[in-house]
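Here is the structure we will look at, set down as structure tokens.
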Amino acid sequence: MVSNNPAIDVRHLVKRYGEVTALEDLSLCVSRGEIFGFLGPNGAGKTTAVKMLVGLSHCNDGEGNVLGRPLGDRAARRRFGYLPELFRYQEWLSAREVLALHAKLAGLSRAPGAREITRVLDLVGLAARAHHRVGTFSKGMQQRLGLAVALLGEPELVFLDEPTSALDPIGRHEVREILRKLKARGATVFLNSHLLSEVELVCDRVAIVNRGRVVASGPISQIVGAGHAVRVRASADGTPLESLLARFGPVVVEPDGVRVDGVAHEDIPEIVAALVAANARIYAIQPLGVSLEERFIQMTEGGNA
Numbered sequence: 117m118v119s120n121n122p123a124i125d126v127r128h129l130v131k132r133y134g135e136v137t138a139l140e141d142l143s144l145c146v147s148r149g150e151i152f153g154f155l156g157p158n159g160a161g162k163t164t165a166v167k168m169l170v171g172l173s174h175c176n177d178g179e180g181n182v183l184g185r186p187l188g189d190r191a192a193r194r195r196f197g198y199l200p201e202l203f204r205y206q207e208w209l210s211a212r213e214v215l216a217l218h219a220k221l222a223g224l225s226r227a228p229g230a231r232e233i234t235r236v237l238d239l240v241g242l243a244a245r246a247h248h249r250v251g252t253f254s255k256g257m258q259q260r261l262g263l264a265v266a267l268l269g270e271p272e273l274v275f276l277d278e279p280t281s282a283l284d285p286i287g288r289h290e291v292r293e294i295l296r297k298l299k300a301r302g303a304t305v306f307l308n309s310h311l312l313s314e315v316e317l318v319c320d321r322v323a324i325v326n327r328g329r330v331v332a333s334g335p336i337s338q339i340v341g342a343g344h345a346v347r348v349r350a351s352a353d354g355t356p357l358e359s360l361l362a363r364f365g366p367v368v369v370e371p372d373g374v375r376v377d378g379v380a381h382e383d384i385p386e387i388v389a390a391l392v393a394a395n396a397r398i399y400a401i402q403p404l405g406v407s408l409e410e411r412f413i414q415m416t417e418g419g420n421a
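In our numbering, the protein residues as written are 117 to 421.
As structure tokens, this is what we get:
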């Protein structure tokens, strides 16, 4: 449920670049303390929206607040952390020097800033490489450094644009743990990612944007909806299982059971009753849900630019 004092609350945002409309009537609300996934195909307007939320771009129309302040407010921006999708740091600087520069830009004084730099280096797994030059870093290590910059000063709201794009499975797991720690201390995370499996693991709610508009928003369970099939593991003497189940929907025989398509979860008791009436031995009935990736494709197909 959206709080009365949301972290982000924008309504009817429009952004045009000449004759090209990047955002058209974009509205969304993000509660404080949640991990919010912002999803969409290439060209849907995600990066444009993030730039407006962090104050790097201005809308042509619409209104909104971030951390209770109008879009672009400088005082609110001091409470943000931001990891853009494409970033570069000076290759001749060490990781610690990069963070020292950003700590100074953030207004952190020397002693607290030094402690904060040590904290975020340890948090993202770069403590042992603190004095190594950025030019020697792999893509994954540079991604970790960008995340460390975004987390300096324990921001209230963190915008992360593809934070796990260059990371291996271990790195992605570590980032998920960092996001959970941010949530545990009350921070809000706005996560823009193409890795829908990662989004499913960490996000409380998501919004799917297509052609500059939000086409769906809410908890993942609400967006993917109820299951559309069940897998049945059972045996019946004298009657093939697929024959007993054919009246409920299209049947597909699989190595680990029989899948019945087009079946809602509320139909499961009727399936059980039919199997019991046929003296079948039931080992398992597994509802099969639609994945976030499947729903995403359904909602955005044909929307790429």
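Glycine residues also receive a C-beta, built at the ideal position from the N, C-alpha and C atoms.
Kindly identify the DSSP beta-bridge partner or partners of residue i.
i, result
"T163", "Paired residues: none, contrary to the question."
"G197", "V274"
"Q414", "Answer is none; Q414 lacks a bridge partner."
"Q402", "R347"
"A109", "No information on residue 109 is available, as it lies outside the stretch 117 to 421 that the chain covers here."
"D125", "C145, N181"
"F152", "F306, R321"
"D377", "A345"
"E370", "G373"
Tell whether a beta-carbon distance below 8 Å holds between residue i and residue j.
i, j, result
"L239", "A211", "no"
"D377", "A350", "no"
"G256", "A138", "no"
"R148", "A165", "no"
"L263", "F196", "no"
"L298", "L199", "no"
"L217", "R249", "no"
"L261", "V315", "no"
"I336", "V322", "yes"
"T280", "S254", "no"
"A394", "L360", "yes"
"A244", "G229", "no"
"T416", "G161", "no"
"T163", "E135", "no"
"A246", "L237", "yes"
Taking 8 Å as the limit between beta carbons, can you name the residues of its chain near residue i, skipping five residues before and five after?
i, result
"V392", "I398"
"H128", "D141, L142, S143, D177, G178, E179"
"A303", "G149, E270, P271, E272, L273, V274"
"C175", "L129, V130, K131, L139, M168, L187"
"A191", "R185"
"E370", "R347"
"I384", "V346, I401, P403"
"L224", "E232, L268, G269"
On a Cα-Cα basis, can you pick out the residue from the options that is closest to residue i?
i, options, result
"L311", "T304, P122, E278", "E278"
"Q402", "V348, V367, E382", "V348"
"V340", "G373, Q414, T252", "Q414"
"E232", "A394, L268, V388, S173", "L268"
"G373", "V379, R245, A400", "A400"
"R194", "A323, S173, I294, L221", "L221"
"E207", "L283, T252, E386, A227", "T252"
"D353", "L202, A396, A246", "A396"
"E409", "S313, E382, Q338, C319", "S313"
"Q258", "A300, F203, R235, G334", "F203"
"C145", "V330, F412, A282", "V330"
Checking contacts by CB at 8 Å: is residue i closer than that to chain B?
i, result
"E316", "Of the protein chains in this structure there is only one, and it is not chain B."
Identify, in the order they occur along the chain, each residue of the same chain with its Cβ nearer than 7 Å to the Cβ of residue i, setting aside the five sequence neighbours on each side.
i, result
"L317", "R292"
"P366", "D377, G378"
"A266", "G197, Y198, L199, V274, L276"
"T355", "A394"
Within its chain, find whatever has a CB closer than 6 Å to the CB of residue i; leave out the 5 residues flanking it on each side and keep chain order.
i, result
"G188", "G171"
"M117", "Its pLDDT being 36, under 50, M117 is placed unreliably by the model, and the measurement read from it follows with that caveat. Hits under 6 Å: none found."
"N181", "D125"
"V305", "I151, V274, L295, L298"
"V368", "R375"
"S407", "none"
Discussion item. Restricting to runs no shorter than 3 residues, where is the beta strand (DSSP E) found entirely within the region 170 to 247?
Written reply: 177 to 182, 196 to 199
inquiry  = Which complete beta strand (DSSP E) runs does the region 305 to 348 hold, if anything under 3 residues is left out?
reply    = 321 to 326, 329 to 335
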